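Just below is one structure, and these are the notes that go with it.
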Amino acid sequence: MENREIEAILNEIAELLELKGTNAFKVRAYQNAARAIGNLQEEVSLLIEEKRLGKVRGVGKSIQSKLEELVETGELTYLDELRDGIPEGLFDIMSVPGMGPKKTKVLWEKLGVDTLEQLEEACKNDEVASLKGFGKKSQDKILDGIANLALTRGRRLRSQVVHHAERLKAAIAALDGVERVEVAGSLRRGRETVKDVDLLVASEDAAPIMELVREDEEVDSIIGSGETKTSVRLKDGLQVDVRVVAPRSFACALAYFTGSKEFNVALRGLALDLGFSLNEYDLRPLDGSPPPEVADEPALHRMLGLDYVPPELRENTGEIDAAKEGKLPRLVEAEDLTGVLHVHTNWSDGTASVEETVRAAAELGYSFVGISDHSQAATYANGLDFERLKRQREEVEAARAAFPQLRIFHGCEVDILSDGRLDLEDECLEWLDFVIASVHSDLTMERSKMTKRLETALQHPRVKVWGHPSGRKLLKREGSQFDWEPLLDVCADRGVAVEVNGHPMRLDADWVHVRRIRSRGIKLCVNPDAHSPGAMNHAARYGIVEARRGWASKDDVINTLPLEAFERDFLGLAATS
17 MENREIEAIL
27 NEIAELLELK
37 GTNAFKVRAY
47 QNAARAIGNL
57 QEEVSLLIEE
67 KRLGKVRGVG
77 KSIQSKLEEL
87 VETGELTYLD
97 ELRDGIPEGL
107 FDIMSVPGMG
117 PKKTKVLWEK
127 LGVDTLEQLE
137 EACKNDEVAS
147 LKGFGKKSQD
157 KILDGIANLA
167 LTRGRRLRSQ
177 VVHHAERLKA
187 AIAALDGVER
197 VEVAGSLRRG
207 RETVKDVDLL
217 VASEDAAPIM
227 ELVREDEEVD
237 SIIGSGETKT
247 SVRLKDGLQV
257 DVRVVAPRSF
267 ACALAYFTGS
277 KEFNVALRGL
287 ALDLGFSLNE
297 YDLRPLDGSP
307 PPEVADEPAL
317 HRMLGLDYVP
327 PELRENTGEI
337 DAAKEGKLPR
347 LVEAEDLTGV
357 LHVHTNWSDG
367 TASVEETVRA
377 AAELGYSFVG
387 ISDHSQAATY
397 ANGLDFERLK
407 RQREEVEAAR
417 AAFPQLRIFH
427 GCEVDILSDG
437 RLDLEDECLE
447 WLDFVIASVH
457 SDLTMERSKM
467 TKRLETALQH
477 PRVKVWGHPS
487 GRKLLKREGS
497 QFDWEPLLDV
507 CADRGVAVEV
517 NGHPMRLDAD
527 WVHVRRIRSR
537 GIKLCVNPDA
547 HSPGAMNHAA
557 RYGIVEARRG
567 WASKDDVINT
577 LPLEAFERDF
587 LGLAATS
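Okay, so the sequence shown: first residue is 17 according to the working numbering, each after it adds one.
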């Protein structure tokens, strides 16, 4: 059991004790113990094994015995006893900003509220405002907190946190004595959504780093701060954890704190098989000889008989065996993209003109860009019919003249109608340079009907790209249900590329299906789904990461081809567009 899990359990005990009205001294003891565990540089399991847990300040004998039970059995009788009689929904209520155990206890006892739904209803009925210690202002804040709960307590889109990580990383790197600083955790692995930000710093002097983090202007509260670890909550509710390790331990620590947990477990097992003990500090020979110097992660992996495993692949889904056998692909890089197709302008629901959109593509160094506004069925997005597409072509031609260094393809993101027909007539589809076929309506259609619908559309000879195949929106809705195999059969037979949509809310196809797609020899098309010039980099910034997580190489991604090959071999156009 990892320290973070133990820390969470201790905090839960403190909350349960407060809900039960236990004296503040006991509550504080568990809060202090949680903070102490969170700041540890060593695993609790190791401290127990070496009988050093009792030396940790903040962990008394009573709590020590409970931690020993927890680590040894994976369960804690005391926790189970505390949970008895406490509705699980109270923890959801306590996750609302401003709703700690004391206030939650009052609402539970006075109003019988034990779920978020009940709390929201009580607020809307002004029952909360009438309670002593609350009032109308507090009630309104609770309602706002419930509305924003998915953002403040749950997972967030990677795009919503990466700027925090980059800003803090740059600030820490500028301090004297800092040798390295890297993002770790799920953000480094490229997960679509993350709960918090982890930063790891190599320095012999942690004090100025801890001070900088505590005093950062975006910090709303300090969750905990020790000699080498500080956890803060930013003003938008995001938790940031910053750890400092000695430079000699940085490579092992970065590997450890990057995860995933499953990958780390497998790596430690491999190390044991080779006669080493691997932890966040070093790679230590079991025979007692001095640990070797580990310069960086590639060196660590080599010592374990592996090719370097990029962070995006570390999910223990076959990458270790592939690294042993030298069979890991060379993953696609953002710099490999030669152009993108899925781009919207103000002709539909984009914010910029064709010229402004093309300029953004040129500034990114692309050799081609595909304008692909929505088709007519997307009335909500001001979709285009054939006549409007003809008028848009005039702007495209003007942009072609203004940007001769860039090939501009004129296509359309065409809706797949409920019966599988495409939203534009064949004459129009033939006239366009390319067609991206996507579903935007009837997303909850029954599985077999959705499969047939998609199969019909993908068989159309003018479809070049299957757009955001599942239709999911991260943190908002699940994707549609359908059978992938018959659809991949069509894509393989016809040469249709499957999109990896780089919009931060989509990232669709996801990495699991990217692996499935590439295993069939089907090409991927990594696109930004840009609706503004500033979003033109979504393919490179987010879409490529999702493709890499799915083991995609440069050869797997169709829009890494040189312009002439892309235009001729994929789009089937003469090089005169």
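A virtual CB, placed ideally from N, CA and C, is assigned to each residue, including glycine. All of these numbers come straight from a predicted model, not from anything done at the bench.
- By the neighbour-count criterion, in which 16 or more other beta carbons inside 10 Å mark a residue as buried, E501 falls on the exposed side.
- In chain order, H484, R488, K489, L490, D545 place their CB closer than 8 Å to the CB of R522, counting only its own chain and leaving out the 5 sequence neighbours on each side.
- For P307, the three-state secondary structure derived from DSSP is coil.
- The region 412–425 makes contact with the region 378–387; the number of CB pairs closer than 8 Å reaches 3 or more.
- I102 and A551 have their C-alpha atoms spaced approximately 46 Å apart.
- Between K480 and V451, the C-beta spacing is below 7 Å.
- In the DSSP assignment, T209 is bridged to L173.
- According to the DSSP secondary-structure assignment, T246 is paired through a beta bridge with S241, V258.
- For V430, the closest C-alpha among the options L353, R478, R531, V542 is that of R478.
- Residues of the same chain with a CB within less than 8 Å of the CB of S61, apart from the 5 flanking positions on each side, are M17, V87 in chain order.
- For the pair P327 and R204, the CB atoms are nearer than the 7 Å cut-off.
- Taking a 10 Å sphere around the C-beta of K67, we find fewer than 16 other C-beta atoms and assign the residue as exposed.
- P306 and G201 have their C-alpha atoms some 29 Å from each other.
- Of the other Cβ atoms in all chains shown, fewer than 16 fall within 10 Å of the Cβ of H179; this residue is therefore exposed.
- Its chain contains V43, Y46, Q47 as the residues whose beta carbon lies nearer than 6 Å to that of A30, once the 5 sequence neighbours on both sides are disregarded; these appear in chain order.
- For F292 and I574, the gap between their C-alpha atoms comes out near 43 Å.
- Under the three-state reduction of DSSP, I560 is assigned to helix.
- Close CB contacts of V455 within its chain, under the 6 Å cut and outside five residues either way in sequence, are with I432, G487 (chain order).
- Taking one beta carbon from each stretch, the region 346–354 and the region 389–398 have fewer than 3 pairs nearer than 8 Å; the two do not touch.
- Pairing L445 with A417, the inter-Cα distance amounts to about 24 Å.
- The alpha-carbon of E243 is positioned some 55 Å away from that of D458.
- Between the region 147–157 and the region 103–111, the count of Cβ pairs shorter than 8 Å is below three; the stretches do not touch.
- Per DSSP, the beta bridge partners of L438 are I432.
- If you draw a 10 Å sphere on the C-beta of G511, you find fewer than 16 other C-beta atoms in it, and that means exposed.
- In the DSSP annotation of this structure, the continuous segment of the alpha helix (DSSP H) that includes V87 starts and ends at 77–89.
- Pairing E85 with G116, the inter-Cα distance amounts to about 28 Å.
- Straight through space, the alpha carbons of M226 and L254 are spaced by roughly 18 Å.
- If you draw a straight line from the Cα of P420 to the Cα of H360, it is about 21 Å long.
- In the three-state scheme derived from DSSP, where H, G and I count as helix and E and B as strand, A525 is classed as coil.
- For S61, the enclosing alpha helix (DSSP H) covers residues 60–65.
- A straight-line Cα-Cα distance of about 5 Å links L63 and L69.
- Here L283 is buried. Its C-beta has 16 or more other C-beta atoms within 10 Å.
- Each of R564, M466, P301, R330 was checked against the Cα of E313, and the nearest Cα belongs to R330.
- Assigned with DSSP and collapsed to three states, N48 falls in helix.
- A straight-line Cα-Cα distance of about 43 Å links D252 and G321.
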